[in-house]
Amino acid sequence: MEQPLDVPELAAGEFMLRPWRLPDLPLVREASEDDYIPLITTVPSSYSEEAGVAFIERQWSRATTRAGYTFVIAASSNRPVGHVGLWLKNLAEGRASLGYWVVKSARGQGAAAAAVDTVVDWALSDLRIPRLELWVEPWNMASIRTAERAGFQREGLLRSWQQVGDERRDMFMYSLLNHER
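Per our numbering, the sequence shown starts with residue 873, numbered consecutively.
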């Protein structure tokens, strides 16, 4: 078996990106209470301590199985406010993808922008990934601004691309090439 990925701690402006820990259960609880986050992620839609622990253990398993790097976004007070992941499923084809969310109580403070920018820099320079991708629903203007601020370019609309809750939804496809940054 291959070695697990070493999830580093990365400084992200006023925020810190770090591996998930069991004391992050309050973050999982708040995310599970969000109307949208559980629909599009593996955050449990109904919180219990058991479900929260299972979520955190899944984040640890992503490094163990080499599926990707998952980080907690922590504010300067060390309060966890969100999540950013770098998924390596298509790394053999020279591609990796990003996903991110921030809980409602911490939105509008630049956490997602700082986290995405930091993971992008790290993925392109240290990991030397040729192409990064992410998908955003057309209505999600905050996420679109975050992606575009980090240098991602919209490539097009993928119709009925992803199951979100009970329906298939369109997604904008964004990419960032290594030489573009």
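C-beta: ideal position from N, C-alpha, C; glycine also.
The C-alpha of A978 is placed about 19 angstroms away from the C-alpha of R893. Taking a contact to require three or more Cβ pairs closer than 8 angstroms, the segment 975–991 and the segment 1030–1046 do not qualify as touching.
For A1019, the closest alpha carbon among the candidates D998, N962, Y1046, L960 is that of Y1046.
With at least 16 other beta carbons inside 10 angstroms of its own, P952 counts as buried. A947 carries a coil assignment under DSSP once its states are collapsed to helix, strand and coil. Between M1043 and V991 a beta carbon distance of about 19 angstroms is seen, past the 8 angstroms cut, so the two are scored as non-contacting.
In the three-state scheme derived from DSSP, where H, G and I count as helix and E and B as strand, A939 is classed as coil. For L1004 and D878, the gap between their C-alpha atoms comes out near 20 angstroms.
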